[in-house]
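Residue numbers (my numbering), protein chains in the order written: chain A, 497 to 690; chain G, 497 to 690. Since the structure comes first, as structure tokens, the remarks are kept for the end.
There are 2 protein chains.
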Amino acid sequence: MVVLKDQVRDDIINVAAKIFTRFGYKKTTMEEIAMASRKGKSSIYYYFSSKEDIFRAVVEKEAEELRKDLKVAINEMDNPISQLKNFILFRIQKLKTLNNFHAALKSDHLAHFEFIENIRKEYDRDEIELVTRILKIGVEKEKFVIDDPDLAAVALVTALKGLEIPLFINKKHGRIEDRLENLIQFLFYGLIKR
Amino acid sequence: MVVLKDQVRDDIINVAAKIFTRFGYKKTTMEEIAMASRKGKSSIYYYFSSKEDIFRAVVEKEAEELRKDLKVAINEMDNPISQLKNFILFRIQKLKTLNNFHAALKSDHLAHFEFIENIRKEYDRDEIELVTRILKIGVEKEKFVIDDPDLAAVALVTALKGLEIPLFINKKHGRIEDRLENLIQFLFYGLIKR
DNA sequence: GAATTTCAGACCATTTTATTCGATAAATAT
DNA sequence: ATATTTATCGAATAAAATGGTCTGAAATTC
């Protein structure tokens, strides 16, 4: 092989991601993915078993990237207050760009794909774990006052999910980010030890 | 009728324009147009004879708007130099937003629609006429030095068409506008009477 | 040069899609 | 009121598109 098989696979994922992002799952055809990959349609099936399989790979890759970026953004901050603030802001910000991942998390039309459930659960678990850690350290450093950080983390992540809906359904972006700032302020001044 | 028939027609055109713009001709379905118009699919056929018919209406409307806007932008300027400069800049600018019209003018895939040819010709004729007028007035006012304004107008418009290709194929927008400025400078200092 | 990987092209079954056709409900006119 | 025209829609259909398979042939590796 001139290029690694994995490399070709990755190329296809990248190409497909672009098309999926632009047109959505249904409107994206295997023909297009093949064309854009400069391959025959059947060649795509050498690397992936189905259209759904490609979509899964795309979404998983995006989920992984989001996870990674989130952690980096959090680790850059050293105090729990900034970490939590960054988590909330960065998360909403990033989610806007990871369209397939987001679509996969939300879309009813895609809901019957079993793998969506798995990715969602895995991702949720990861997020809750991250927030739990932030909260616990905050409590240790006496920055936060929380009885049960584990429970609070779940509540926080759940609440953020609720925020996504107006953010993505209403196209009036920007506005929500402002409200988000307010929310953060409110949340913090009810949380931070004075 | 509660609303004018023409009003409903116009609504459909507007709704369809958005979808065509987003997904292109092929990927836009009658179902979607109907849904977005809050009508049954078959109701659309009460107003339009076919999908192509809707597309034609969309493109024609956009073409008309472009023509109108162009003329306004030109009439606001009083000296031929500004007029010509505005024509070039405004044209490129606007063309970016009128996606369907532009797609109709360029796409091979849509080329076999006969009405495209007509719109194209009509629009070209209109543009050449506009430029001819600008050039002739420029010559009268001794701002330009041109032997044959009619010929020069055709050449100019044709050259501008050539510029569209890199502008729309390359996604590196912005850059080209700079080069365009240069081109205009070059064009003008080779044209304007000193 | 045999085995394996990579791929294109024809092909098929199924699904989508544009379009047609009554049926029916409003709206309007008589 | 009743007839007539206008507007809407669900269901049916025929044609096209699409996901996926199969065959076999280059290219590559062993």
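Quick reminder that beta carbons are idealized off the backbone N, C-alpha and C, glycines included.
Answer yes or no: do G:A569 and G:F586 have a C-beta to C-beta separation smaller than 8 Å? With a cutoff of 8 Å on beta-carbon distance, G:A569 and G:F586 are scored as near each other.
Tell me where the alpha helix (DSSP H) around A:F640 begins and ends. Following the DSSP letters along the chain, one finds A:F640 in no alpha helix (DSSP H), marked with neither H nor E.
Beta-carbon contacts of G:K668 that lie in its chain and below 6 Å, excluding the five residues immediately before and after: Confidence at G:K668 is low in this model, with a pLDDT of 49, below 50, so its placement is unreliable and the value that follows should be read with caution. Closer than 6 Å at Cβ, skipping near neighbours: no residue.
Helix, strand or coil: how does DSSP classify G:S533 here? If DSSP states are grouped into helix, strand and coil, G:S533 belongs with coil.
Can you find a C-beta in chain A that's less than 8 Å from the C-beta of G:F519? G:F519 counts as touching chain A.
Note down the Cα distance separating A:V650 from G:Y542, rounded to an integer number of angstroms. When rounded, the distance between both Cα atoms is 53 Å.
With 9 Å as the C-beta to C-beta threshold (strictly closer), list the residues of the stretch 611-642 of chain A near chain G in chain order. Taking 9 Å as the cut-off between beta carbons, none of the residues of the stretch 611-642 of chain A comes near chain G.
Which of helix, strand or coil does DSSP assign to A:T525? When secondary structure is reduced to three states using DSSP, A:T525 falls in the coil class, being assigned neither helix nor strand.
In whole angstroms, what is the alpha-carbon distance linking G:L656 and G:G536? Rounded to whole angstroms, G:L656 to G:G536 spans 43 Å at the Cα level.
is_contact[G:K523, chain A] using C-beta, thresh 8 Å: Proximity of G:K523 to chain A, defined by a Cβ-Cβ separation below 8 Å, is satisfied.
Beta-carbon proximity check, G:K523 vs A:F519, cutoff 8 Å: In this structure, A:F519 lies closer than 8 Å to G:K523 by Cβ.
Exposure of G:R552, with buried meaning 16 or more beta-carbon neighbours within 10 Å: Looking at its Cβ environment, which holds 16 or more other Cβ atoms inside 10 Å, G:R552 is buried.
G:V504 beta carbon less than 8 Å from that of G:E529: Rather than Glu, the amino acid found at residue 529 of chain G in this sequence is Ile. In this structure, G:I529 keeps its C-beta atom at 8 Å or more from the C-beta atom of G:V504.
I need the DSSP call for G:S538, collapsed to helix, strand or coil. G:S538: helix per DSSP, three-state reduction.
Give me the residue from A:N582, A:N614, A:L631 with the minimum Cα distance to A:L566. The candidate whose alpha carbon is nearest that of A:L566 is A:N582.
Determine the burial state of G:L626: buried for a count of at least 16 other Cβ atoms within 10 Å of its Cβ, exposed for fewer. Classification of G:L626: buried, given that the 10 Å Cβ count is 16 or more.
Using three-state DSSP, classify A:S546 as helix, strand or coil. DSSP, read as helix, strand or coil, puts A:S546 in coil.
Decide if G:G634 is buried, meaning its Cβ has at least 16 other Cβ atoms within 10 Å, or exposed. By the Cβ-count criterion, G:G634 is buried, with 16 or more other Cβ atoms from all chains shown falling within 10 Å of its own Cβ.
Return yes when the Cβ of G:Q579 is within less than 8 Å of the Cβ of G:I630, no when it is not. At the C-beta level, G:I630 and G:Q579 come within 8 Å of one another.
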